[in-house]
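Worksheet: one structure, shown below.
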Amino acid sequence: MSTPQFPDAEEWQRRFQEMFRSLAPMPAATDPKEAEKNREAFEKQIRSFSLTPKELKAYLDRFVIQQEEAKRVLSVAVCDHYNHVRAALAGEDLPHYVKQNVLLVGPSGVGKTYLVRCLAERIGVPMVRGDATKFSETGYVGGDVEDLVRELVQQAGGDVSIAQYGIIYLDEIDKLAGPNSLGRDVSGRGVQANLLKLLEETEVPVRAPYDLQGQIQTMLDFRRGAREKRTINTRHILFLVSGAFTRLPEIVARRRRRGQLGFRAAGSEPDAGESVKEALTADFIEYGLEPEFIGRLPVRVFFEPLSADDLFRILRESEGSILRQYVAAFQAYGISLRFTEGALRRIAQRAAEEETGARGLMTICERILRPFRFECPGTGLREVLIDEETVEDPEKGLQATLTRFREGGGETAQEVEAFAQEFFRDHELRLRFQPEAVQALRDEAGSQAGATAALCRTKFKDFPFGLRLIRANTGQDTFTITPEAVKEPEAVLNRWVLASYSASAKAPEGPKDQERKSTEAE
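Be aware that the sequence shown starts at 521, since it is given in our numbering, and climbs by one per residue.
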């Protein structure tokens, strides 16, 4: 009886990788030389960081409308952080430096996430975004906050030396505010406690203890002689956390009332937006954040709610306007998408009514443009204009657009374009019809569907042979169809062919012609 053959280590690795590929894809392998080149370029970029807060804010102004104070505070904090990183890389000893982790406070849709993403892109560092509600205290079911650091390594292509200078953005941090009870809170206070280490400085294993695939890879590396355990230090990772903190205005107002002695002028109570800006560390602690946790977020940034005018400016001025996405989507079908100013203002007003900030713009635009995106491609339509009436009734606006297109000879233009495409597909010769030629075809064919295409096939049935002769003589492969060519196609084609022979005869001799004549003479 033969002894069973057990797979060796390499075979086990292959089998496990296949088994876990669909569950936890491995990062693509990088060529060592290419990785080293990227690493050197990145470190050079960080060492040469020279942005000023004004320059960084000017960049943010191109994408983020309003939020002036937030952009100023963030620009200063980020520049200070990466200036410190640059100094540390240069070998300067800065033992008393306190990392400027940032707390962003504001309602949903005001640009918090977008602002952080723009910052990361401008500086050129990797960034990851996480939702605080998905994490739990270590040892319980749920994500581990250290996974954010590991994800940052993945964003950096597996290169720890790049990831260690990245940005981690954690949203919904207000949901971690723990209840005032004695029970165990594994997804609130416990997560805050775990975040404390990351916010300052700690070593995080690149491979998680519960990651079976990663642990198998570690064992195989150990067998090959790799004894060092890969970790990433969080000292130079900038953490930005955000939340809506909906109960904060109430807490601030209550504190202000306690601080007054009963003498308050009528109407002196600030609105919710203004009162939030006066929030103190004690207010966040009363909200439910741990003192040690909020203490490690020294920079506080408060975002303003967006008005209808702000949303209008986002549509018209921001380089990240959602309109650019829709314009590109229509352009893919050869359709130009335009909006009147009145339409943009009405879209902004309706988006403000959604009370979801800038996210409401996409909701409204999608509702308006969805019927156009379905009906217009393939019709031959070249322009869609969205006005106020279309914003109010998209279906009615669509029908009006299609009716104008048909009455203006749109179907004829579509049939002519389809014939030109068919002609090119069959003969690799391009026909360009002048607008006057299209009108001449419509006048002759009438408005009956399909009549123009049939007329084109009849009138230009001899063109393939004649145009191939011209191409052979001159190399020309694109031809303009004029009203005269529509009226007398045979006469125009004959004239073109004769002209091509004349042009060929007058063409200067090339090296091959001279060589041929020399050979004949010999």
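Cβ atoms here follow ideal geometry from the backbone N, Cα and C, with glycine treated the same way. This one's a predicted model, so the numbers in the text were calculated from it and none came from an experiment.
- Cβ-Cβ distances below 6 Å link Tyr853 to Pro897 in the same chain, with the five nearest sequence neighbours on each side left out; the list follows chain order.
- In this structure, the alpha-carbon of Arg649 lies about 6 Å from that of Leu690.
- As for any beta strand (DSSP E) of minimum length 3 sitting wholly inside the region 792 to 830, the runs are 819 to 822, ordered along the chain.
- Under the DSSP assignment, Tyr846 falls outside any beta strand (DSSP E), being part of the alpha helix (DSSP H) whose first and last residues are Ile842 to Gln851.
- Taking 9 Å as the cut-off, the beta carbon of Ile688 is found closer than this to the beta carbon of Leu718.
- Here Leu715 has Val665 as same chain residues with Cβ atoms under 6 Å from its own Cβ, once five neighbours each way along the sequence are excluded.
- About 7 Å separates the beta carbon of His756 from that of Ala608, a gap short enough to meet the 8 Å contact definition.
- Contact annotation: the region 618 to 634 touches the region 813 to 830, with at least three C-beta pairs closer than 8 Å.
- For the pair Thr754 and Val724, the CB atoms are nearer than the 9 Å cut-off.
- The alpha carbon of Leu800 has as its nearest neighbour, out of Leu768, Arg777 and Ile842, the alpha carbon of Leu768.
- Secondary structure of Ile855 (DSSP, three-state): coil.
- In the structure shown, the three-state DSSP call for Val724 is strand.
- The count of Cβ pairs closer than 8 Å, one atom from the region 997 to 1006 and one from the region 941 to 955, reaches three, so the stretches are in contact.
- In the three-state reduction of the DSSP assignment, Glu1004 falls in the helix class.
- Cβ neighbours of Gln845 within its own chain (closer than 6 Å, five residues either side excluded): none.
- Between Glu1010 and Glu948, the alpha-carbon positions lie close to 20 Å from each other.
- Counted as a single uninterrupted DSSP element, the alpha helix (DSSP H) harbouring Tyr579 occupies residues Pro573 to Asp581.
- Cβ contact annotation for Ala610 (same chain, cutoff 8 Å, sequence separation greater than five): Arg567, in chain order.
- Boundaries of the beta strand (DSSP E) harbouring Ser762: Leu758 to Gly763, taken from the DSSP string.
- Beta bridge pairing from DSSP links Ile688 with Val648 and Phe759.
- Looking at the DSSP output, Ile906 bridges to Phe859.
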